[in-house]
Structures are given as structure tokens and as C-alpha cells.
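These protein sequence lines map, in sequence, to chains L and C.
In terms of the working numbering, the first sequence opens at residue 486 and continues consecutively.
In terms of the working numbering, the second sequence opens at residue 501 and continues consecutively.
Even glycine gets a Cβ: it sits at the ideal position worked out from N, Cα and C.
Structure record follows, encoded as C-alpha cells.
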Amino acid sequence: MSQEMATIYVMGKPYEVPKDLTIMKAMEYAGYRFVRGCGCRGAFCGACGTVYRTKDDYRLKVGLACQEMVQDEMYLSEIPFFPANRATYDIEELAPTSETILKLYPEVFRCLACNTCTKACPQDIEVMEYIQAALRGDIAKAADLSFDCLLCGLCASRCPAEIGQYNVALLCRRLYARHIAPKAKHLEKRVKEVAKGKFDEELADLKKMDQKKLAKLYAARDIESDD
Amino acid sequence: MYYTPEMLESMKRVEETREARLTQELELLDPLEKVELLETFHPDYLEEIFRKLKVGPSKGEMTPHEFADLFEAYSAIDPYKFDLSQIDYDVDVLVVGGGGAGAAAALVAQEGGAKVLISTKLRMGDANTMMAQGGIQGADKSNDSPPIHYLDVMGGGRYFNDPDLVEILVRDAPEVLAWLEKLGVMFDKEADGTMIAIHGGGTSRKRMHAARDYTGGEIMKTLRDEVNNRGVEVVEFAPVYELLTDGDKVTGAVLYNMETQNYLVVRAKTTILATGGAGRLHVAGFPTTNHYGATADGLVLGYRAGVPLAFMDTIQYHPTGAAYPEQLLGQLVTEKVRGLGGQLVNSKGDRFIYELETRDCEAAAIIRECKERGNGVKTPSGYQAVWLDGPVIEARHGAGTIKKRLPAMYRQYQRFEIDMAATPILVYPTQHYQNGGLKIDGTTETTTTNLYAAGEVAGGIHGRNRLMGNSLLDVVVFGRRAGEAAAGRAASIKKPGKLTLEHLKTFHDELKDAGIRRERVSPMLLPDYRRPETVRKRLEVPV
């Protein structure tokens, strides 16, 4: 592994760090021990949203500290928390319509369609597209487009209309899954069968079996074909 | 992405054998082969990484050194001097941990009429649940049943599992899936609502339900949203640092606010430990797939309060941790890749094990391939690894399958300019799951009265090896059970308990008698990834 070094500026303060590290590991190398701003370390939790700029470039870029590699002359700051608006609701009582969005998140209708949110998404989600879909009442599309959202908040941090996109996205996915996607009928049926005790006897028999008998049954299982 | 000439050469062989491998059928291991493979190559059989516990309710039992170091350690709290006179929170149920089990427990406890407080070390939802990718099991199809699921779980755990807990797991599974569906978890479904399900390692039926490859994330985000919607009180960045007892029963806890360094006293009629796993202990130096906060805190707290351990001499190493690029080292490459037909291939381009054996066998087989047979691929930093071939998935299920069914994985590698759909990736086992944990009964109560445990912190359900998709199931099944039981018990307790640290005095005495140095302190709370030279020059001053 090379030990080529880079200078990074953490909240303005310079540190020399190996070039082949992520921002998160580089900050640890520099001596930081995270309490905030570090979560799953694998791009699933959105705890480490980071804003940065590189030398001779006025543009602000974003990324997840656990995924983004350091660059020489990188100026960075984590945004470990963003205080965006979040509605409270009872999912059972909502309808999957634009009226619901209007009621819970009226600021969505202030969207300027500037697309800054999309550019700010470290997951490459079409953020503006799903916000537009949500305000049109196309909840299914909003749910589908926003599926990979980690709720890191970087979109909201850049939004001139002060929308908390990620909270809208979560609402849309729950609305879609609860009120649009058809229920799994086989699941409903199985829940009833279990409640009626259909499998009680068979389970009781299995529980009584010693290891040898179980192992014999296990070895003789028929495996469902993968086709 | 940079590859050494040796890596490129081997990659070429993987490409050459791909077509033949598409139709190649490999046999499942027979029980004897399995035992031999595990005993020779699984890290659970490396004696030098374990030691016997010197103190506590499971004294004499074996556990990895990294765990023993935490069990055989003092609290930073001096039980003789600590002031518990000011109670900051007075609740029915205290839920310790804000992951899947904690959230499920809190929701159900509140439904049961309890006043609930969730204490969590990091943010609500910062947990291994959030990172679980592949799926959640549940026998809901017509060709499947809870008894068939039961047999898969027992065989996977090599028959060491607690039958009562396994029964609960498989019996509750359909109801739990229905509960999640109703809460608005966006499961992968056919147009008519039928759940799309695939195989996982060791399943005899396709019962792996998924939400693309963000299954745990989707579940966690939904449960957290619901916790917020229902107004459950949550204190973030405030882990439990010690439990409180009346000398016998658990009566509350001391929280440590990591941002202000203050402590807070909670009086609770019942307490649920849902603190998750321990990957950040890095057993035997393995990297881990786990969350930053996975440091075994709940195990330590429960152990000091008298709860014995189950199966703490077995750790699950996920067979396919990322081995290259270095930046991803140890991170999860979901089993769903193999569930969809991805193949394990050695440096010569040959498969060496059927890909859907249980995880313990897959991990052992990869270690054997690298350590004994010399068929590993060497990465630039000197690690050995084997290939996980994704392009066979595209060949089998059509172009674009990886991007559609494995978006998280695909994106993860794209960030390093590796196209998983076109080239194989390098993998090696990584510390993934704590098979054991605190002993619980069917209601999730521990042997210490009014203390419950659910999720990864609890042990016995998975025996000596957990199957994919049974952990997400476990956290929701037993989280809900814990919430129900803890709320029910709390309702029957009229007078709140006395708050003392008597159990800690006893435990400290035991440590002293065993000759354990006072410097060793736990719980750990967070791992330390600073350089040793930085830590050495640390100066603590009052400011």
C-alpha cells in the first residue's frame, strides 16, 4: 500500500493523511475519535454526510465520509445532523395521494425544480424527480425512485425551498407499501393457519426429537429447486 | 480500479471458466465432511483465540479473549461512592438500544400501556439491523411451513439451538412479516402482492424475503419512523453504563450522556437489553461487517447483573466480506449475491464448494482454499481472498439483474470503479454475528428478574451457527415478545424498586479475588481507531 500523503482541512484545520484513506479513516488517522458523524461505516445509515470543496474550485461537493476518498487540498466538514421538518402521522389513516403530501409537507409545493438536491445526493438518487412525483400524487414512483435513500440529510442541507426531502421519501415508501402495493394473500392465509394451530402437532413432534433423529430428517430434506 | 498482474491473470481464468461453471452442479457436503471441514478450518476451533472466564455466572466457560477482557473488567463507576439520589427518568419499561429489537420492543410495550424510554448509544436506528441486506425469513408459501423452517434452523445451528426459542422464531415469523407489511415496509413483491423469495445458505425452501438489498434498512427506517410517530421517548448518545438492582432484581439503569459527560438515573420497573452484537471487538483480528457501536455492552451489563451466557464460544464469520479494495475491507457482501446464483471461485477459476452451504462451512471452505490449498488470490496489501463471481448472475437471470436486485452492492463497488455485473470481486470471511449471548426464556426474560434481552445480545436461538435472514427475523420476533412481556410485568409491579449498585459491589469483589487488575474497565462503548502514537500522546486535562 502506498504511503503517499495528502493535506486535508478538517473544518479548516490541516492534517497530513495517507492518500488512500476514506474521509472517515483519514479523520481517525488524524486523531479524531467519533461520537457523532460515524455509524455503520458502510453506506447504510447516513450518519456521516460530508460537505467538501477542493482547491481552486468554488463548487461545494458532498459525500459520505465512510465512502468518499480524501483528495489533496480537500476542505471538509461533516454535517452529522440536519434539523429538517418531520411530520408525525398515523400511517393507517392516510391516503396515498398528493393531498396527504400537501397536508403533511406543504413545503414540497415550494419546490423550484432547481435539481440541487439531486446533485447533493451521495446515493445518486433522482431526488427532484421523486419530489415532483410526490407532489403530483404519483406515490408509487416517489417510493421507487427514493428507495435507496439513507436519510443523510444532504439534499435538505442544499434545498433553497427548505424541503426535507428524505422525510417525504420515507412517507411515500410507507404509503406505497401500506396502501398501494397489494397485500400478500399467502401471508395472510399462513398467519391464520398458525393461529388456528395447524402446525402445533408437527412442531411439538420435532421438538421432542433427539439430535440423531433430527439430523436424519435434515439430511433427507427435499430442497426446493432454484429455477 | 488497480489490479496486480497476478490478480488480472487470475481474473482471466475466472472469465474462461464462466460458461462451463454455469451448468456445473456441486454436491452438498455430507455430515461427516462438514464436521471435518469445520474442525480443521473454522476459527471457532482455534484454541488459542479462546480462554476460560475467571469470574461471573458463566465462570469456567470459554469465550474469545476480546470478550473475556470485557467480562473480566471493572465498571468505571465506584459502587460505594456513586450518587443515585436524583432520578432523571421514571418509567415502566426501559429499552436499552435503538436498533431493530429495541424499536420493536418499544412499540409493543407502549401498545401494552407502558410508559417507555429508549436509551441508545448513537442515533436511533444506528444498528446492525440498518445494515442487514439480504433478507428476512418466514415460512409463508404453500410449499413451506414453520416446521420445515424449524428443521432448517436446527440443522443450521448444528442442533445446539434451544428448541423452545426456535419454535417461537418460526411460529411468529409469518405474523411478524404481516406486521411489517402493515407498517409499510416495502417488500419485493410480484404485481399481485405475492412476496418474492429466494434461497439463502441452508434453506430448503425459498423463504428469503427482501426489500432489494436494503432489507434491514427498510425495516429499521420504518420502525424508527413509527417510534417517532407514536411519541416514544428516545435519548440518543446516552448508552446505559450500568444496570441498577435492588440487590436481586433489576430496577433501572445509569445512562451516560456521551456529549456532556453527565450521567442520568433511570428508574424502570422492567428493562430490556437490546444492545446488539460485538463485531467491533475484532475477534482474532478479523475485520467486521458490524456497526461502529457493536461493542458487546449489553452482554457486559447483563453478565454483571448475574445473567449466564449461552454459546459465547462461537462467532459467525460471514464468508463473503469485502477483501479488496482495502477501503471496503471486512464490509458485507450480502449472501443474496450467492442466493441469486453468484459463485465462489478460486485463483485457478474453479469452484470449490456449493455456494449455499451454511455460513460456517462456507467460511471454513474459503479459509481452506487460501490457507491450505494455496488457491487464494493475493491482494496488493498482502491479504488472501477468493473470487465471488457476479457476472454468472447476469448470465443466468439476464443483464441488469445485479443493478436491480443488489443496488447497494452495485453502488458500493461502483464507487471504486468496479462493475460487479462485469467483473468478479474479492472476498474473505469477516466477523459478522455473535451466535451466542445472554440466556433467555421464551418470554425473553433472563435469569435476573425484570431484566429481558432481545436480538443479537441474546443467545440460544441460533445454536452454533445462524442462517441468513434469521437475524432480522429474530430481532423483530423477540423484540416484540420482550416488549409484550416487559410491559405486562411492569403493569403488575405496583411499587417501584430500590436503586442500588449492590450487584456491582459483589462483582467487583469477585474480580479482586480473581486477581484482575483495576485498570481493566468495561463496557467499551466505542472502538478506538486512532493510531497508537496518537493515543500514546493523549493528555487529559480539566478544561
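C-alpha gap between residue i and residue j, whole angstroms
i: F567 of chain C; j: R663 of chain L; result: 42 Å
i: I610 of chain L; j: T601 of chain L; result: 12 Å
i: V833 of chain C; j: E614 of chain L; result: 30 Å
i: G802 of chain C; j: T943 of chain C; result: 16 Å
i: K994 of chain C; j: G613 of chain C; result: 14 Å
i: M486 of chain L; j: F916 of chain C; result: Any reading at M486 of chain L needs caution, since the residue's pLDDT is 46, under 50, leaving its predicted position unreliable; the model's value is listed next. So the alpha carbons of these two residues sit roughly 16 Å apart.
i: M511 of chain C; j: H818 of chain C; result: 23 Å
i: C596 of chain L; j: I719 of chain C; result: 29 Å
i: E667 of chain C; j: L688 of chain L; result: 7 Å
i: L999 of chain C; j: D746 of chain C; result: 6 Å
i: L655 of chain L; j: K721 of chain C; result: 8 Å
i: G684 of chain C; j: K871 of chain C; result: 46 Å
i: Q761 of chain C; j: Y741 of chain C; result: 12 Å
i: C523 of chain L; j: C551 of chain L; result: 8 Å
i: N643 of chain C; j: L617 of chain C; result: 42 Å
i: M559 of chain L; j: M512 of chain L; result: 12 Å
i: Q934 of chain C; j: G560 of chain C; result: 19 Å
i: E647 of chain L; j: A641 of chain L; result: 7 Å
i: C525 of chain L; j: P1027 of chain C; result: 13 Å
i: V892 of chain C; j: R518 of chain C; result: 7 Å
i: R513 of chain C; j: N728 of chain C; result: 52 Å
i: M909 of chain C; j: G531 of chain L; result: 16 Å
Chain C contact for residue i (CB, 9 Å cutoff)
i: T603 of chain L; result: no
i: I576 of chain L; result: yes
i: R518 of chain L; result: yes
i: K498 of chain L; result: no
i: K668 of chain L; result: yes
i: I708 of chain L; result: yes
i: C606 of chain L; result: no
i: M486 of chain L; result: Residue placement at M486 of chain L is poorly supported in this model, since its pLDDT is 46, which falls under 50; the coordinates still yield a value, given next. Judged by the 9 Å Cβ criterion, M486 of chain L is in contact with chain C.
i: A700 of chain L; result: yes
Top-ranked residue by Cα proximity to residue i, from the options
i: T788 of chain C; options: C:A691, C:A991, C:D813, C:G821; result: C:G821
i: G776 of chain C; options: C:A520, C:K769, C:V1021, C:A794; result: C:A794
i: G548 of chain L; options: L:R621, L:L635, L:K668; result: L:L635
i: I586 of chain L; options: L:T507, L:A619, L:E489; result: L:A619
i: I648 of chain C; options: L:K670, L:D690, L:P581; result: L:D690
i: L538 of chain C; options: C:F978, C:R873, C:R859; result: C:R859
i: N790 of chain C; options: C:T930, C:L508, C:T771; result: C:T930
i: E577 of chain L; options: L:G682, L:P565, L:I665, L:V676; result: L:I665
i: L579 of chain L; options: L:I624, L:F566, L:C523, L:I508; result: L:I624
i: G534 of chain L; options: L:T492, L:K681, L:G638, L:D695; result: L:G638
i: D685 of chain L; options: C:A711, C:Y650, C:E736; result: C:Y650
i: T540 of chain C; options: C:A863, C:I1016, C:K682, C:M624; result: C:A863
i: A954 of chain C; options: C:N965, C:L967, C:E984, C:G969; result: C:E984
i: G655 of chain C; options: C:I698, C:V727, C:G963; result: C:G963
i: R671 of chain C; options: L:A572, L:E678, L:K697; result: L:E678
i: E553 of chain L; options: L:P581, L:I493, L:Y590; result: L:I493
i: L743 of chain C; options: C:D692, C:G785, C:R804; result: C:R804
Residue-chain proximity (residue i, chain L), Cβ-Cβ < 9 Å
i: T948 of chain C; result: no
i: F786 of chain C; result: no
i: F852 of chain C; result: no
i: R521 of chain C; result: no
i: D664 of chain C; result: yes
i: S642 of chain C; result: yes
i: H791 of chain C; result: yes
i: A603 of chain C; result: no
i: R911 of chain C; result: yes
i: E506 of chain C; result: no
i: H1131 of chain C; result: With chain C represented from 501 up to 1043, any question about residue 1131 of chain C goes unanswered, as that position is not in the structure.
DSSP beta-bridge partners of residue i
i: W887 of chain C; result: C:V845, C:L926
i: P503 of chain L; result: L:M490
i: I772 of chain C; result: C:V595, C:Y952
i: V536 of chain L; result: L:V547, L:S562
i: K903 of chain C; result: Bridge partners of K903 of chain C: none, in fact.
i: K878 of chain C; result: C:Q884
i: I618 of chain C; result: C:V595, C:V734
Original post:
Which ranges would you report for the beta strand (DSSP E) in the region 549–607 of chain C if only whole runs of at least 3 residues count?
Top reply: 550–552, 562–564, 589–596
**OP:** Mind listing, in chain order, the continuous alpha helix (DSSP H) runs of no fewer than 4 residues lying wholly within the region 788–818 of chain C?
**Re:** 797–804
Original post:
What alpha helix (DSSP H) runs, 4 residues minimum, are completely inside the region 646–686 of chain L?
Top reply: List check, alpha helix (DSSP H) in window: 650–660, 670–680.
**OP:** Ignoring anything shorter than 4 residues or poking outside the region 662–728 of chain C, list the alpha helix (DSSP H) runs there in chain order.
**Re:** 663–683
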